[in-house]
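Here's the structure we're looking at; comments come further down.
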Amino acid sequence: TEAGASIVNEQAEVWNVDMVMKVKEPLEEEFQYFKEGLILFTYLHLAHEEKLTRALLENKVVGIAYETVQLPDRTLPLLTPMSEVAGRMAAQIGAEFLQKYKGGMGILLGGVPGVSKGRVSIIGGGQAGTNAAKIALGLGADVTILDVNPKRLQELEDLFDGRVHTIMSNPLN
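In this text, residue positions in the sequence shown follow full-length UniProt numbering: the first is 1, and each later residue adds one.
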């Protein structure tokens, strides 16, 4: 309490403030605590959260989405750590679901002598895609990254020292 924080027992008490800071977007059961003027600072992912978007608008909540906070150099400092984790997890989980007992085709990303290594295609060479490539390469896969930005593709070629294939993404591929 010297620092101004209090531990409370009821969820309603947590929301009875001027500003709420969360890591994950609000759950539907938390919408009831929205009130006009509440400042909500969290990952919102509104593009695919129609119910959340409507609840925020109807209750006139001021939403500040971590994923949209941008520095003058156009980087997204609050999205980067989440994207790094997501990319790394995507490669690991993808490798797991290639296993026969998980319903996959029984592909080992790194291959073994006499058996081809797995091929991984990554759509987008941003933070998530770059980190997915790091893990897939680490597992020994043949990695291809598609992106719409030729400059980014060159950066990826340099970053991975030519160990990834890069393809300019277009409507046909």
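Quick reminder that beta carbons are idealized off the backbone N, C-alpha and C, glycines included.
Beta-bridge partners of residue i, as assigned by DSSP
| i | result |
| --- | --- |
| Thr-42 | Ala-65 |
| Ser-121 | Thr-144 |
| Met-21 | Phe-41 |
| His-165 | Thr-144 |
| Val-115 | Val-112 |
From the options, residue whose alpha carbon lies closest to that of residue i
| i | options | result |
| --- | --- | --- |
| Ala-141 | Glu-25, Gln-92, Val-62 and Glu-29 | Gln-92 |
| Glu-28 | Lys-51, Glu-13 and Gln-11 | Lys-51 |
| Lys-24 | Glu-49, Ala-3, Gln-32 and Glu-10 | Glu-49 |
| Ala-86 | Gly-37, Pro-150, Ser-169 and Ile-122 | Ile-122 |
| Phe-97 | Val-120, Pro-81, Met-82 and Ser-83 | Val-120 |
Residue i and residue j closer than 8 Å at C-beta
| i | j | result |
| --- | --- | --- |
| Gly-118 | Ile-135 | no |
| Val-61 | Phe-34 | yes |
| Phe-160 | Leu-146 | no |
| Leu-79 | Tyr-66 | yes |
| Leu-76 | Ala-95 | no |
| Val-164 | Val-143 | yes |
| Leu-153 | Gly-125 | yes |
| Glu-36 | Asn-59 | yes |
Per-residue burial, residue i [other beta carbons within 10 Å of its own, 16 or more giving buried]
| i | result |
| --- | --- |
| Ile-39 | exposed |
| Pro-113 | exposed |
Where residue i sits in the DSSP three-state scheme
| i | result |
| --- | --- |
| Ile-93 | helix |
| Pro-77 | coil |
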